[in-house]
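Colleague: Okay, here's the structure, questions in a sec.
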Amino acid sequence: MLTIHRLVKRRGSRTILSGISFQARSGRVTGFLGPNGAGKSSTLRILLGLDSATSGEALINGVPYARLRNPLATVGALLDGSGAHRARTGRAHLNWIARSAGLPRSRVDEVLAIVGLTDAASQRVGSYSLGMGRRLGLAAALLGDPEVLILDEPVNGLDPEGIRWIRTLVRERAATGRTVLLSSHLMGELAETVDDVIVINQGRIVADGTLAEVIDGHGTLENAFFALTTPNGGRVAQ
Numbered sequence: 003m004l005t006i007h008r009l010v011k012r013r014g015s016r017t018i019l020s021g022i023s024f025q026a027r028s029g030r031v032t033g034f035l036g037p038n039g040a041g042k043s044s045t046l047r048i049l050l051g052l053d054s055a056t057s058g059e060a061l062i063n064g065v066p067y068a069r070l071r072n073p074l075a076t077v078g079a080l081l082d083g084s085g086a087h088r089a090r091t092g093r094a095h096l097n098w099i100a101r102s103a104g105l106p107r108s109r110v111d112e113v114l115a116i117v118g119l120t121d122a123a124s125q126r127v128g129s130y131s132l133g134m135g136r137r138l139g140l141a142a143a144l145l146g147d148p149e150v151l152i153l154d155e156p157v158n159g160l161d162p163e164g165i166r167w168i169r170t171l172v173r174e175r176a177a178t179g180r181t182v183l184l185s186s187h188l189m190g191e192l193a194e195t196v197d198d199v200i201v202i203n204q205g206r207i208v209a210d211g212t213l214a215e216v217i218d219g220h221g222t223l224e225n226a227f228f229a230l231t232t233p234n235g236g237r238v239a240q
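Numbering of the sequence shown is given in the numbering used here, commencing with residue 3 and proceeding in unit increments.
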């Protein structure tokens, strides 16, 4: 489970997060939505120990990231890019992560197969397409078989088959009791994938409920999103 409790983030005189609170529960896929600059990325970075909060808590299974005994087995994350050196092969990148975490090389072969990169494992990362880079990043996130997955725009660069594969993967993870927090701008795809929805706007949570609760009265997740995050509810001026 992921727990955000009264999380505040300030940079100078600017308030990025205004005491937000929400949970992403085990056994469910939670969509985390917000316009650019809403505070979504800051929240994810604080959760993963990549940034510090001004106050409040960001907990993974009840503890902050810095206190996790085995981070790779607890949480896997895909944020910007794969994080791999362009001169390394995909396999070398994953071997390096596995070695640092004490994982066997056989696990590298397993995750390469899961993400469909077995045939490209010996290619340099610099030659990968955007979609292949996302698959490599996801492979790294899955290495420790984590209890929690945090995925930011995981389908970026993927073809329709890849998008469908991601949907199946996260649903299967949730079905085994894992926690999945999923951020994406593709509203239609999210509506096919998530159980719960959290919407952040201008550093505040403006919606937090099941998918059905959030879209109630709006028809679609996209309509609900614009109604919650734009001054005119997403209506085009006449």
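Ideal Cβ placement from N, Cα and C applies to all residues, glycine included.
1) Give me the DSSP bridge partner(s) of H7.
2) List the DSSP bridge partners of D111.
3) Quick test of your reading: G169 and E149, contact by CB under 8 Å. State the CB separation rounded to the nearest angstrom.
4) Could you check which residue in R107, G146, H187, T45 has the C-alpha nearest to that of G159?
5) Flag this pair as yes or no: are the beta carbons of T32 and D210 separated by less than 7 Å?
6) Classify E174: buried if its beta carbon has 16 or more other beta carbons within 10 angstroms, exposed otherwise.
7) In whole angstroms, what separates the C-alpha of L213 from that of A115?
8) Just how far apart, CA to CA, sit G21 and S108?
9) Would the segment 214-229 count as touching the segment 53-63 if we require 3 or more Cβ pairs under 8 Å?
10) From L171 to L153, what does the alpha carbon distance come to, in whole angstroms?
11) Drop a sphere of 10 angstroms on the beta-carbon of S162, count the other beta-carbons inside from all chains shown, and report buried for 16 or more, exposed for fewer.
12) Mapping DSSP to helix, strand and coil, what is N203?
13) Tell me, which residues are paired with S185 by DSSP?
14) What separation, rounded to the nearest whole angstrom, lies between the Cα atoms of H87 and I202?
15) Assuming A89 contacts R136 under a Cβ cut-off of 8 Å, what Cβ separation, rounded to an integer in Å, is found between them?
16) Could you give the residue range of the alpha helix (DSSP H) that holds T17?
17) Would the segment 24-42 count as touching the segment 71-81 if we require 3 or more Cβ pairs under 8 Å?
18) At which residues does the beta strand (DSSP E) containing L52 begin and terminate?
19) Considering G92, what are the terminal residues of the alpha helix (DSSP H) in which it resides?
20) With DSSP as the reference, identify every bridge partner of F228, one or two as the case may be.
21) Out of S124, T17, A123, G36, state which residue places its alpha-carbon closest to the alpha-carbon of A226.
22) With distances taken Cα to Cα, identify the nearest neighbour of R8 among T91, Y130, I207.
Modeller: With the given structure in hand:
1) E59
2) For D111, which the question treats as bridged, DSSP gives no partner whatsoever.
3) According to the sequence shown, residue 169 is Arg rather than Gly. So it is not a contact: roughly 20 Å between Cβ atoms.
4) H187
5) no
6) exposed
7) 32 Å
8) 43 Å
9) no
10) 12 Å
11) Note that residue 162 is Pro in the sequence shown, not Ser. With fewer than 16 other Cβ atoms within 10 Å, it is exposed.
12) strand
13) D154
14) 33 Å
15) In fact, because the Cβ distance is near 19 Å, the residues do not count as touching under 8 Å.
16) Premise fails: T17 lies in the beta strand (DSSP E), 16-26, not in any alpha helix (DSSP H).
17) no
18) Counting along the chain, L52 falls outside any beta strand (DSSP E), and DSSP gives it neither H nor E.
19) 92-103
20) DSSP lists no partner for F228.
21) G36
22) I207
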